């Protein structure tokens, strides 16, 4: 399978331009939930807010995985640099490569990336 970032025009820049705006509407919808809903049905309010946050997190995870995949494939960023800026360590990257990612309704598996940097311990 071809890496997802290669299918996005403009690579990381294109991914940010395409995917980051998708994370904003769910968060905005959660912010705009009316206080009266919380007062009259706190469970429904909380459930709906969590749904919106989960959708936003899904979009952000998809973008994060795409950017990390490009960085590692192109060797433009090391595992340690990724961990420093995202908190995502080597172990998580290994799990991500074993975990399918749903993109536009289809499940994809990441292919094996470059060998892991020596001396980087999560």
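Numbering (full-length UniProt numbering), first residue to last: 1 to 122.
Cβ coordinates follow ideal geometry from the N, Cα and C atoms, glycine included.
Quantities reported herein were computed from a predicted structural model and do not represent experimental measurements.
Buried is the label assigned to residue 67, since at least 16 other Cβ atoms lie within 10 Å of its Cβ. In the structure shown, residue 74 falls within a coil segment according to DSSP collapsed to helix, strand and coil. Remark: C-beta atoms of residue 70 and residue 11 approach each other more closely than 8 Å.
Less than 8 Å separates the beta-carbon of residue 52 from that of residue 27. Closest option to residue 21, judged by alpha-carbon separation, among 56, 76, 46, 37: 56.
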